[in-house]
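According to the working numbering, the stretch in the sequence shown is residues 44 to 326, in order.
For each residue, glycine too, the CB sits at the ideal point set by N, CA and C.
Worksheet: one structure, shown below.
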Amino acid sequence: MHNIKSSLTAANGGPIGVFDSGYGGLTILRQIRQFLPQYDYIYLGDNARAPYGNHSFEVIYRYTLEAVEALFARGCQLVILACNTASAKALRTIQQRDLERLDPARRVLGVIRPTVEAVCRLTTSRHVGVLATAGTVNSGSYTLEIHKLARDIVVTGQACPMWVPLVENYEFDSPGADYFVRKRIEGILRLDPEIDTLILACTHYPLLMNKIVKYTPPGVRIMPQGEYVAASLRDYLVKHPEMAARCTEGGQCHYLTTENTAKFRESATLFMHEQVEVEQIEL
Ligand code: DGL
């Protein structure tokens with residue numbers, strides 16, 4: 044672990060870093076770039092070590108910290124953890140323990156807080172469902188964050204361990220996906236039939252949207268996170284002009300992966316609907 048201050052650019056500016064364990068964060072990046080096209084971005088997917096969902100706290104924290112350091116070393120002043128598992132398990136520790144040592148002027152933000160702020164506004168039944176990886180559900184982060192804003196909301200979590208592998212293996216529109224999507228949606232609505240909003244609290248899940256819509260009863264809102272995370276980042280940069288000034292504006296996006304670049308290129312086309320150039324790095 045090194046001190047990042049030494050690698051600051053002369054202008055003290057850099058791209059916005061977007062990190063995910065794999066490809067899922069590309070769904071968030073796409074929305075962020077729609078809201079804030081003027082900025083430069085670096086996307087880092089730790090594909091070689093994904094999925095993070097079933098790893099322990101210590102492992103997810105260590106992997107996420109390494110990714111943040113890599114993005115800081117490339118000049119990022121602001122890093123978004125576009126991964127619920129990393130946001131749930133590593134964000135607070137990095138903010139409270141590591142930023143001071145790395146560079147107190149830089150910021151790391153997650154995806155849970157913006158999602159939670161939106162769901163508290165949207166739910167009318169005050170019963171909310173959280174569909175996520177086992178790591179995110181077991182962390183209790185959504186319940187904790189929702190109850191900080193609204194104690195009256197009943198939160199029910201449902202781990203969907205097969206959903207990420209279905210997406211990663213391009214099975215999201217296959218008949219096989221029907222079984223797993225139906226099972227989890229029926230499962231969570233059985234646990235709490237009063238749920239009126241289902242948070243897709245994993246960045247991979249928007250790719251299963253056709254199946255999710257198919258098995259969600261009308262009247263239950265399906266809530267992907269991308270637009271709320273993007274809107275919250277836009278608000279953050281308005282409220283923090285000193286940080287906005289440190290984010291370079293060239294409209295460029297650079298992609299990094301810890302795995303094979305050919306597979307990343309193929310998947311990025313799927314997640315982003317565009318062709319990308321990608322560089323392989325080691326963390
Ligand atoms: N992208 C991660 C998330 O949002 C899920 C994938 C993983 O388990 O690594 O939680």
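Item                                                                                        : Value
Distance CB(F215)-CB(L250) smaller than 7 Å                                                 : yes
Residues passing the C-beta test against the ligand DGL heavy atoms, cut-off 6 Å            : D63, S64, G65, G67, A93, P94, Y95, G96, C126, N127, T128, T176, T179, V207, C245, T246 and H247
Rounded separation between H98 and H297 - CA only                                           : 28 Å
Three-state class that DSSP yields for C290 in the structure shown                          : strand
The stretch 231 to 239 / the stretch 118 to 133 touching (three or more Cβ pairs under 8 Å) : no
Beta-carbon proximity check, V210 vs I189, cutoff 7 Å                                       : no
One or two residues paired with F62 in a DSSP bridge                                        : L87 and L124
According to DSSP, residues forming a beta bridge with L241                                 : G172 and I265
Straight-line Cα distance separating Y258 from L326                                         : 40 Å
CB-CB length for T176 against N253, believed under 8 Å                                      : Not really, about 21 Å apart at Cβ, beyond 8 Å.
Residue from G200, T166 and G219 whose Cα sits closest to the Cα of Y182                    : The amino acid occupying residue 182 in the given sequence is Ser; Tyr does not appear at that position. Of the listed residues, the one whose Cα sits closest to S182 is G200.
Alpha-carbon to alpha-carbon, P260 and R140                                                 : 43 Å
Rounded separation between T70 and D195 - CA only                                           : 31 Å
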